[in-house]
Amino acid sequence: METSKKLPADPSEPAPSPSGDGAPDRLVKGDLSFHDITEMVSRHAEKKAPMAWYAAFAVALSGTLLLLGLFAHVVWNGIGVWGNNQPVGWGWPIVNFVFWVGIGHAGTLISAILYLFRQHWRTAINRAAEAMTLFAVMCALIWPTFHVGRVWAIYWTLPIPNQMAMWPQFKSPLLWDVFAVSSYFLVSLIFWYVGLVPDLATLRDRAKNFWRSRILAFFSLGWTGSNRHWRNYEKAYLLLAGLATPLVLSVHSVVSFDFAVSVIPGWHTTIFPPYFVAGAIFSGFAMVVTLMVITREIYGLKNVITIDHLEKMNIIILVTGTIVGFAYITEFFMAWYSGVQYEQYAFINRAFGPYAWAYWIMMTCNLITPQLFWFKKLRRSIPVMFVLSIFVNIGMWFERFVITITSLHRDFLPSSWGYFTATWVDIGTLVGSFGLFFTLFLLFLRFVPMVAMAEVKGVMPQADPHFHEHGGNGHPEGDGEPYIKPAEPALAEAYRGGGPEETDDSST
Amino acid sequence: MIELDVIDSDTPDRDASGPTFWRHATGTDGDDEGEDLIEFAPGDSEPPSGASRRQFLQLMGAAMAMAGLAGCRRPEEKILPYAENPETVMPGIADYYATGMPFRGILRPVVATSNEGRPTKIEGNGDHPTGQKGTSPYEQASVLNLYDPDRSRSVRQDGGSASWDDFVSFCRQLGNEAAQRQVAVLVEETSSPTVQAMRQRMEDRFANLQWVPYAAGEGRNARRLGMQQAFGRPLRPRYALGEAEVIVSLDANFLDGRSRDFLHNTQGFAEGRRLEDVEGTMSRLYTIESRYSTTGGTSDHRLPMRAGQIPAFAAALAAELGVGDAPEASWSEKERLHVREIVRDLREAGENGVVLAGESQPPAVHALAMAINQRLGGLGTTVTLLDTGASEVQPQDEALADLTESMATGEVDTLFMLGVNPVYDAPSGLNFEEALSNVQDTVHLGRLRNETAQAARWHIPRTHYLEQWGDGRAYDGTLSVIQPLIRPLYDDAHSIIEVLNLAATGVDAGGHDLVREQWRAQLSEPFREQWRQVLHDGYLEDTGYDVASVGEATVPTVEASSSSDELEVVFRPDPKLLAGRFSNNPWMQELPDPITKIVWDNVAVMSQATADELGVEVSRREGSFYADRVELTLDGEAVELPVWVQPGYPDGSIGVSMGYGRTIASTRESESTPFWDTSDRTNIYNGAPIAGGVDASGNGVDVIGANVAPLRPTGERVATGAEVSKVDSGYLIATTQEEGTMQGRPIVRWATLDEFKEDPYFVNDTQPPVPDLGHGEEGGHGGDGHSGDGAPPDASGHGLEAGPGTDAHAAEDMPEQTAESGDGGAAHGGGEQQAPAGERQREYPMIWQEDHPGDQPAYKDNPYYGNQWGMTVDLNTCTGCNACVVACTSENNVQVVGKDEVSKGRHMYWIRNDRYYVSEEEGDDDPEMLTQPVMCQHCENAPCESVCPVAATVHSPDGTNQMVYNRCIGTRYCQNNCPYKVRRFNFYDWTKTLPTEVQMAQNPDVTVRTRGVMEKCTWCIHRVRKHQQQADNEDRDLRPNEVETACQEACPTDAITFGDLNNPESDVVKEKENPRRYELLSYLNTKPRLSYLGRVRNTNPRLEEALSAEADEAQASA
């Protein structure tokens, strides 16, 4: 066995294929063996983090600290430090909440719905996307918590038996939110964790350090990779996918009820649930693209997270973006068609009123720019998709801004019309929430296998029971050898020696 | 080692020294039997002497637990009971005292509420012969002046502190040197007989006493001079506007709280405007005014005109009516038409026509108005002339000018300035401050350490009217006593009477003795009973002024108006602050101006054309107004003011208001908080006095607005020849309402009287197009409330095809449009009360209707049976005077948030007066004004209730929407979902920084809200509960109209009616049967318990026609 084996990292580089056919439709490029996958992914959780990670982590952590400081400020002084007023009772905190919940849609959609639909390409991105989901939902949950006037009494929204013999008010969509978002978070967490178990076991087996192996052993739940384990695992995973699927659709529907159930023109709309879900998927996928484009570059995962994966996601962005755009136009049509002057005014005001700038930012970023993905060249271009995905996230933040704030600022009685202006605390907390998100995501990249190794291996050609019948000498090591080869110290050493960038360089 | 007593509980140590504890009176009166002396029976409880081990452990255990707990609670505050309970004070039960508020030289009869010795609320005295129950905003706000944290607390001499005794010896010294002393007294306008008596005493002591009454900004008391001009004596006109058919206001803002006889005028006017049904009649009000006022907004025809032109207009009117001659003047077609029609109307009305002249008009206009009234025959019907006993009146500013001159020439060596602030508000032309420095001894008596106090040698804190004895006459002359409700908050505070008496006699007598002594002469025997009666009633019967009999009025000649190119500036007391009396009153500072809705600022008001000419503008962006600031120069004196563009303002006229730009010396410490705490910025009581103060070096700090009083020419209220130059731009003006139009929405519904007679249910025509919901007949006919579901919509797309629930007979009885739409709702009580289509609300069976399901036996046990509260607001009689707003603030402990927070949209007032401009054509610069008080509508289907996640806002069984502050976590969802936007959120802890004095003004019956909770109008539920408890105690049902909300009680026109919908005797039930009744935004199916009665204008159709023809012509020629 050659000890100087290199990992072809760039998929555009045709690598010699054992079967000799180039396998253009393969999900994993670069003719990697199972072992290569294990190495590629596991090493990042095992070796020392690169300087870039520390730098990014420092920035993200200061954002988190900013968030904590500003929330202390809010709790000490009151909601007045934000820009909220009368009539705009909900300002940026709720905009941010809906924004982050929306981001949190992609992960579970990728892992659950695409799993049920047997979309094998999901395997490369589902782990990171799910992690992103969890962190986004965490970032979302802080907003409704801290935006209330008396945060110390927030637990009154939970159905806890108490001396007042008081239930929460089950008619309120805010309460539905509490249930919807918390169960979504819980199921997503379990789903993510269950999917992690085989990979944690891999890490455990590779662990050199006593405590590391102990801790990983604890979290990998005694996984041995036995047939029975796999069978139970697959069942559990399937059931959880089934459980998570309706939640993906329900959570943002329920969030949309916060608006749709009210009487305010611009909120009181039946189109909201599907429109919000589409918007959430749209923004979630955009966030996944943003993160994956960076991650695959820095961590050298271009063979696993290939341009084909990104293209598929871009197609979903194109489709959902168009749905969202269609919803925008439908809203206008319905406002006109309803004949209700309040409704009509609300939409004219949206497009041409004092917040028209926000509306047109939203329209540009959500409806117009994603249309560029109709061109194959553009949707396979890394710089284009990176910029567009950021545009989508800006646009989706503004969509929530437009819905929340422009509807509230001018409603029924013109005497009560007002205007909302964000304060520095609004801006600081939004920035801080990104800090929290990236802090968590960087910790994830550092300590958890960022690609679902077991699942990726499952969709590789080698996993096909008939793989070896084609005559090629694709068999890893010949009969009698273990199917999964234990890590070879020398090879592992070689990988540990060089950073991902180095690997890339040497492959060209 | 601690030695603890071990006590045998069976044999308490009776010999131990210390008090004996007993529970029952029996056994203590001389019964020597030992057993009976044991107050605690064995086993009952342990006697409280010494401690057992068990007790010790219990106590220590509890103390430990408490010690831990104390750390996480609010600081401990002790509520102590009275050591000696004062007679008549029952905690929790308020006392009411009749007293009077001195106001611009008259006394306004009021009833003050006292809670455990703290006056907290002022109401009108309905029993008073002037006969008014309501109040103006000033009475309501005056209670906060008592608790003003910036009140002067101690005597000051030469800028240092002194004691009252020092002042007493100064006065005695003065008395001893009486012969050599030239004493002058500058005293606030007052009608007090006791002050008159004190004046006599002063004159007796000081031979050459100069006595000058002075009221800030009054100019030359034009009305009295005008009356003198007309009849030779300064008679006092009193109007019976209820009798009037045609009212013409020549710049008279008689519907504003500033006018002396406000209550009487407003009530009389409302009397003439009340419309029960189509048979009703209404008076017609023409207003010719040099501003936009509430009177103008209420009028049927309003003509903006420069103040300088109104005399000529009045003369033209008079000449047409055969009184005097009109000077040459060129009138526009519009003005000519107005003259023609007003004259025609006045002629027709005859003795039921009345012309009123305004305070900013010269005396000649007042005389002319009286001459017109006399010619119409109105003297005796619509106008009563009261003889105040005065024979001649000197123009006020002239008197002040004389005094100033003698001060300047050194003819005065002692000047008493009692209750006045001339350094602040005298015209600069008089050079009062300079003259003041010429006077050897100056004494100032004032509630605040204000501008004059800082300039005077002596400053004595003045008592508020709620802490002093005094007396006075109401507008009609009725004698009344001012009785205190509380001891002066500061020991040094004294009243005018006390100071004058001290100066005159050297005796430091109390106000009570002085007033009583004065009244002893007034009252017949037995004095004690009579005196008690006067104190109880607040007035003395039959002491009103006599009606004067007059000869033919002298008709003055009016000069043609001066050049109309010159910019005129009209000075007026501020509608909120008066001329400064309420400057330091945060309720008034934050009260939106009735027209402009501006808070915490004074502005130079002008029309759009004037602003264009001057090259200034007010831009509206991001929910606030940003105005250019101008420098207004008059005779070398300049002031900088932001500009305000007011639609309907006469071109070439600038209105400014007094009462701003105060520099009051603070008497309290400013608080400062850590940098992370925002209360430094949000606390209106922080730092300088509320209206603005001075720092140690005499510079203004936090001064609100600018003082325009020095610019006023002596003796005038109108100045011409002002120079205006732009200084800068972008000055933030905070308003509570930025949008002035209704955007074509049916919010305030109105019609002309003719339209109303033609279609009594006009309010329903202006319903927005309603989606076909398919509601049919409901209730009373076996319908389940949804029987109409699925009924196909009719062709009009507006109403409904007769649903299965529609009863046949209703369709027959219905007016045409009703039958067309097939609405079967409200088919109760016969056809004449039939509601036509469009009003979805009416389909819901109203609970006062006979066949409401609530009246079925099955429902009688339901909690919904019983009192059901409802309210109506009559937009026809509401004038937008703001009394309700301040009354609500005072009653409900509503907090004030300051200019910055208001500009962010965080004002807290629970009731607001929405003001909308309406014009025929878009962009018309002379719109009409509609005003609508909006508070919580108490929807039966409240959108706020269903969205609260913690059930903090819920519906009460008696039909009000309640807010549970304790339960609220502050999600603000209810506020978002309230279509009326009446909910107010506590963005900060507004009460955290409330000074102790202001805390005393809070109503103990109403919770003070904490930060982070929502609040809103409760319909004064605490008053409802108080009356219900009372009724329960007396074992009776609530009487109809027994409960009154604070806004209703304060409303001078009875526009607000509150009551029990389940009681057919209640006024509110009658009001709800008015055909003009509608519910705001009823298409949302919120079913508000508050209904509005649409406004009806009694326009002159001939004038309307002529005006539109003229407009068409003008357009055609253009």
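Taken in sequence, the protein lines are chains A and B.
The opening residue of the first sequence carries number 7 in the numbering used here; numbering runs sequentially from there.
The opening residue of the second sequence carries number 374 in the numbering used here; numbering runs sequentially from there.
Heads up, the beta-carbon is just placed ideally off N, CA and C, and yes, glycines get one too.
Taking all protein chains shown into account, do 16 or more other C-beta atoms lie within 10 angstroms of the C-beta of Asn1406/B, making it buried, or fewer, making it exposed? exposed
Can you look up Glu1096/B in the DSSP assignment and give me helix, strand or coil? strand
Looking at C-alpha atoms only, which residue of Glu898/B, Ile1063/B, Thr667/B, Pro1047/B is the closest neighbour of Ala960/B? The identity of residue 960/B in the sequence shown is Trp, whereas the question assumes Ala. Nearest of Glu898/B, Ile1063/B, Thr667/B, Pro1047/B to Trp960/B, Cα basis: Ile1063/B.
Measuring only between beta-carbons, confirm whether Gly996/B sits less than 8 Å from chain A. Cβ-Cβ to chain A under 8 Å: yes for Gly996/B.
What separation, rounded to the nearest whole angstrom, lies between the Cα atoms of Gly1434/B and Trp1242/B? As written in the sequence, residue 1434/B is Leu, which differs from the Gly given in the question. The straight-line gap from Cα to Cα measures roughly 6 Å.
Roughly how many angstroms separate the alpha carbons of Gly464/A and Trp403/A, rounded to a whole number? 37 Å
Using a cut-off of 8 Å between C-beta atoms, extract the partners of Trp366/A located in chain B. Simply none; closest approach about 17 Å.
Taking just the CA atoms, how far does Gln1305/B sit from Thr1344/B? 29 Å
At least three beta-carbon pairs within less than 8 Å, the segment 445-456 of chain A to the segment 132-142 of chain A: yes
Judging by CA-CA distance, which residue of Phe1129/B, Thr930/B, Ser922/B, Asp718/B is the nearest neighbour of Asn1447/B? Phe1129/B
3-residue-minimum beta strand (DSSP E) runs that sit fully inside the segment 812-881 of chain B, ordered along the chain: 814-819, 831-834, 843-846, 852-855
Determine which residues share a DSSP beta bridge with Thr757/B and list them. Thr757/B pairs with Arg611/B.
Between the CA atoms of Asp786/B and Ser534/B - distance to the nearest angstrom: 22 Å
Under the three-state DSSP convention, the category Ala352/A falls into: helix
is_contact[Leu1454/B, chain A] using C-beta, thresh 8 Å: yes
Once DSSP output is grouped into helix, strand and coil, what is the label at Tyr1353/B? coil
Contact between the segment 1056-1071 of chain B and the segment 1040-1048 of chain B (3+ Cβ pairs under 8 Å): yes
For the segment 423-439 of chain A, list every residue whose C-beta sits within 7 Å of some C-beta in chain B, in sequence order. Among the residues of the segment 423-439 of chain A, those with a Cβ less than 7 Å away from any Cβ of chain B are Trp423, Gly424, Tyr425, Thr427, in the order of the chain.
Comparing alpha-carbon positions, which option in Ala1082/B, Asn458/B, Asn725/B, Asp760/B lies nearest Leu749/B? Asn725/B
With respect to the alpha helix (DSSP H) encompassing Thr639/B, which residues constitute its N-terminal and C-terminal limits? 635-646
If you reduce the DSSP assignment to three classes, tell me which class Asn488/B lands in. strand
If you measure from the beta carbon of Thr1391/B to each beta carbon in chain A, is any gap under 8 Å? no
Proximity to Leu547/B [Cα-Cα], best of Pro454/B, Phe789/B, Leu773/B: Phe789/B
Using a Cβ-Cβ cut-off of less than 9 Å, give me the residues of the segment 480-495 of chain B that come near chain A, in sequence order. none
DSSP-derived helix/strand/coil call for Thr1391/B: Assignment of Thr1391/B by DSSP, reduced to helix, strand and coil, places it in the coil class.
Interface positions of the segment 125-141 of chain A facing chain B (Cβ-Cβ less than 8 Å), listed along the chain: Of all residues in the segment 125-141 of chain A, none comes within less than 8 Å of chain B when Cβ atoms are compared.
Below 8 Å on the Cβ atoms is my guess for Asp1247/B versus Leu1466/B; work out the distance and round it to an integer in Å. 4 Å
Enumerate, from N- to C-terminal direction, the unbroken beta strand (DSSP E) stretches of 3 or more residues contained entirely within the segment 379-424 of chain A. none
Tell me, please, whether the CB atom of Ile971/B is closer than 8 Å to any CB atom in chain A? no
Backbone secondary structure at Gln530/B - three-state DSSP: Of the three classes helix, strand and coil, the one that applies to Gln530/B here is strand, per DSSP.
For His674/B, write down the residues that DSSP places opposite it in a beta bridge. Tyr659/B
Hey, how far is the Cα of Asn309/A from the Cα of Lys35/A? 5 Å
Could one say the Cβ of Ser178/A lies closer than 8 Å to chain B's Cβ atoms, at least one of them? Closer than 8 Å to the CB of Ser178/A there is at least one CB belonging to chain B.
Residues of the segment 1347-1358 of chain B in Cβ contact with chain A at a cutoff of 7 Å, in chain order, please. Gln1348, Asn1349, Asn1350, Pro1352, Tyr1353, Lys1354, Arg1357, Phe1358
When the Cα atoms are used, what is the spatial distance from Val1416/B to Glu337/A? 48 Å
Can at least three beta-carbon pairs, one atom from the segment 1005-1022 of chain B and one from the segment 972-982 of chain B, be found at a separation below 8 Å? Contact between the segment 1005-1022 of chain B and the segment 972-982 of chain B is present, because at least three Cβ pairs lie under 8 Å.
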